[in-house]
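In the working numbering, the protein residues as written are 608 to 727. These notes concern the structure reproduced below.
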Amino acid sequence: LGATALRDTAALNMEFAVDILTVYVLAHICFFVAHRGQGCAASCPLGMFTLAAAHWSWAVARMAYALSWCDDPWGIARACLGAVYSVTVLYMGLACLKIWMQQGRAQALARAAQENEAPV
Numbered sequence: 608l609g610a611t612a613l614r615d616t617a618a619l620n621m622e623f624a625v626d627i628l629t630v631y632v633l634a635h636i637c638f639f640v641a642h643r644g645q646g647c648a649a650s651c652p653l654g655m656f657t658l659a660a661a662h663w664s665w666a667v668a669r670m671a672y673a674l675s676w677c678d679d680p681w682g683i684a685r686a687c688l689g690a691v692y693s694v695t696v697l698y699m700g701l702a703c704l705k706i707w708m709q710q711g712r713a714q715a716l717a718r719a720a721q722e723n724e725a726p727v
């Protein structure tokens, strides 16, 4: 292999490692925030919305980067794999948004119940 091919292979391996590490960190942060309703999302509901935005931002950035590789046959394959990866991260962001919406609804119902039970 030539020096250029080795550099490209090293860059691809580094890119793959960064993708894996980023998804690993995002998944664990999301788990600790939303852990069975007892995580820090209960005290900071905006945390789930922030995580949703982080997931979506990462997915859009990765999709744009994947589309930049469409200039050769291997690049098209990488773009397709990047699109699948981006859709998965978008779905994780959607899950965070749904949890955030459920928590907001639950908090609103709890406030309404407290207001109705308060003595007049």
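Beta carbons are placed, not taken as given, at the ideal position from N, Cα and C, and that holds for glycine. These numbers come from a predicted model, not from an experiment.
Straight-line Cα distance separating residue j from residue i
| i | j | result |
| --- | --- | --- |
| residue 625 | residue 618 | 10 Å |
| residue 682 | residue 667 | 18 Å |
| residue 720 | residue 707 | 20 Å |
| residue 616 | residue 710 | 45 Å |
| residue 631 | residue 723 | 44 Å |
| residue 640 | residue 654 | 7 Å |
| residue 661 | residue 714 | 24 Å |
| residue 680 | residue 656 | 38 Å |
| residue 629 | residue 712 | 30 Å |
| residue 622 | residue 705 | 30 Å |
| residue 672 | residue 678 | 12 Å |
Close beta carbons around residue i, own chain, < 6 Å, minus the five adjacent residues each side
| i | result |
| --- | --- |
| residue 717 | none |
| residue 698 | none |
| residue 664 | none |
Start and end residues, alpha helix (DSSP H) containing residue i
| i | result |
| --- | --- |
| residue 676 | Premise fails: residue 676 is in no alpha helix (DSSP H) and is neither H nor E. |
Chain-order list of residues whose beta-carbon lies under 8 Å from that of residue i (same chain, five-residue window excluded)
| i | result |
| --- | --- |
| residue 669 | 626, 689, 692, 693 and 696 |
| residue 636 | 658 |
Contacts around residue i, its chain only, beta-carbon distance under 7 Å, and the 5 residues preceding and following it disregarded
| i | result |
| --- | --- |
| residue 676 | 682, 685 and 686 |
| residue 674 | 686 |
Best match in the options for proximity to residue i [C-alpha to C-alpha]
| i | options | result |
| --- | --- | --- |
| residue 703 | 638, 672, 623 and 622 | 638 |
| residue 700 | 628, 622, 633 and 623 | 633 |
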